[in-house]
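Visitor: Once you've had a glance at the structure underneath, I'll fire off some questions.
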Amino acid sequence: GGGGGGGGGTVHKPRLPVAIPPQPGSGVAINLPGGKQVMAPNETAAKAVRNALSQLGVPYVWGGTARGVGLDCSGLTMTSYQDAGLQLPRTAAQQTVGAEVPSIDQLLPGDLVVWSGHVAMVIGDGQMVEAGDPVQISKIRTTNAGQSFIGFYRPTG
Numbered sequence: 001g002g003g004g005g006g007g008g009g010t011v012h013k014p015r016l017p018v019a020i021p022p023q024p025g026s027g028v029a030i031n032l033p034g035g036k037q038v039m040a041p042n043e044t045a046a047k048a049v050r051n052a053l054s055q056l057g058v059p060y061v062w063g064g065t066a067r068g069v070g071l072d073c074s075g076l077t078m079t080s081y082q083d084a085g086l087q088l089p090r091t092a093a094q095q096t097v098g099a100e101v102p103s104i105d106q107l108l109p110g111d112l113v114v115w116s117g118h119v120a121m122v123i124g125d126g127q128m129v130e131a132g133d134p135v136q137i138s139k140i141r142t143t144n145a146g147q148s149f150i151g152f153y154r155p156t157g
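Residue 79 in the UniProt record's numbering sits at position 79 of the sequence shown; the count goes up by one each step and never skips.
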């Protein structure tokens, strides 16, 4: 006989691999607004960060995926990675892809910060870009308006 149904609507995802820290001196440089240079782990992550930063000031639109017109949080991260050549799922809670980053001090530009109903992209220097209203840069955090924090993820593995 089969097993009983799961209770409480909990989704048990397969465990993702843990992200491997890059070699010192490796990576792709990104210039942040304000002039600081940071290193992304690879070209895809660097392009995604540049794409996301190009949307600063774009209004928040629920369900929005129109770059330069209106974006929601997962629309920003999805289209930024899509234009860098990597397809992400559509919603915030589904964007737990690639490798899991075990701690905040191991985050790299391009990593995603995921909550139950929100997602943001790490840009480096302790900051992330997110679709608030408008798209803006914020300090990295793990709290978000009563939502549960899911974790840090590196879509590029």
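Virtual Cβ for every residue (Gly too), placed ideally from N, Cα, C.
Starting from Lys47, trace the alpha helix (DSSP H) both ways and give me its first and last residue.
Guide: Residue 47 sits at position 47 when you count from the first residue of the sequence shown. 43 to 53 is the extent of the alpha helix (DSSP H) around Lys47.
Visitor: Please classify Ile150: does DSSP put it in a helix, a strand, or coil?
Guide: As a position in the sequence shown, residue 150 is number 150, starting the count at 1. Strand at Ile150.
Visitor: Does DSSP put Leu112 in a helix, in a strand, or in coil?
Guide: Start at 1 with the first residue of the sequence shown, and residue 112 comes out as number 112. Of the three classes helix, strand and coil, the one that applies to Leu112 here is strand, per DSSP.
Visitor: Below 8 Å between beta carbons: does that hold for Thr77 and Leu112?
Guide: As a working mapping, residue 77 is identified with position 77 in the sequence shown. As a working mapping, residue 112 is identified with position 112 in the sequence shown. Cβ distance < 8 Å, so Thr77 and Leu112 count as in contact.
Visitor: Hey, Gln106 and Ala19: beta-carbon distance below 8 Å or not?
Guide: Residue mapping note: residue 106 aligns to position 106 of the sequence shown, counting from 1. Residue mapping note: residue 19 aligns to position 19 of the sequence shown, counting from 1. Taking 8 Å as the Cβ cut-off, Gln106 and Ala19 qualify as a contacting pair.
Visitor: What span of residues does the alpha helix (DSSP H) with Gln82 cover, start to end?
Guide: For the purposes of this step, residue 82 is taken as the residue at position 82 of the sequence shown. Note, Gln82: alpha helix (DSSP H), 73 to 82.
Visitor: Tell me the rounded alpha-carbon separation between Glu100 and Tyr153.
Guide: In the sequence shown, counting from the first residue as 1, residue 100 sits at position 100. In the sequence shown, counting from the first residue as 1, residue 153 sits at position 153. One C-alpha to the other measures close to 5 Å.
Visitor: Does the beta-carbon of Gln127 have 16 or more other beta-carbons within 10 angstroms, so that it is buried, or is it exposed?
Guide: What you label residue 127 is simply residue 127 of the sequence shown in a count that begins at 1. Result: buried.
Visitor: Given a cut-off of 8 Å, decide if Cys73 and Ala131 are closer than it, judged by their beta-carbon atoms.
Guide: Numbered from 1 along the sequence shown, position 131 holds the residue referred to as residue 131. Numbered from 1 along the sequence shown, position 73 holds the residue referred to as residue 73. Contact: yes.
Visitor: Looking at residue 163: is its Cβ nearer than 8 Å to the Cβ of Val114?
Guide: The question about residue 163 has no answer here: the residues shown for the chain are numbered 1 through 157.
Visitor: Indicate whether Tyr60 and Asp133 have their beta-carbon atoms separated by less than 8 Å.
Guide: For the purposes of this step, residue 60 is taken as the residue at position 60 of the sequence shown. For the purposes of this step, residue 133 is taken as the residue at position 133 of the sequence shown. Result yes, Cβ atoms of Tyr60 and Asp133 sit closer than 8 Å.
Visitor: My understanding is that Pro41 touches Gly98, with C-beta atoms under 8 Å, so please give their C-beta distance in whole angstroms.
Guide: Here residue 41 is taken as the residue at index 41 of the sequence shown, counted from 1. Here residue 98 is taken as the residue at index 98 of the sequence shown, counted from 1. With a Cβ gap of about 11 Å, Pro41 and Gly98 do not count as contacting.
Visitor: Below 7 Å CB to CB, which residues in the same chain sit around Ala92 once its five sequence neighbours on both sides are set aside?
Guide: Mapped onto the sequence shown, residue 92 falls at position 92. If we look at Ala92 and ignore the five residues flanking it on each side, its Cβ neighbours are Cys73, Ser74, Val114, Trp115, Gly117, His118, Val119.
Visitor: For Met39, tell me which candidate among Gly57, Pro22, Gly70 has the shortest Cα-Cα distance.
Guide: As a working mapping, residue 39 is identified with position 39 in the sequence shown. Looking at the Cα atoms, Pro22 is the closest of the given residues.
Visitor: Thinking just about the alpha-carbon of each residue, which of Asn51, Gly157, Thr142 is nearest to the one in Leu71?
Guide: Start at 1 with the first residue of the sequence shown, and residue 71 comes out as number 71. Looking at the Cα atoms, Asn51 is the closest of the given residues.
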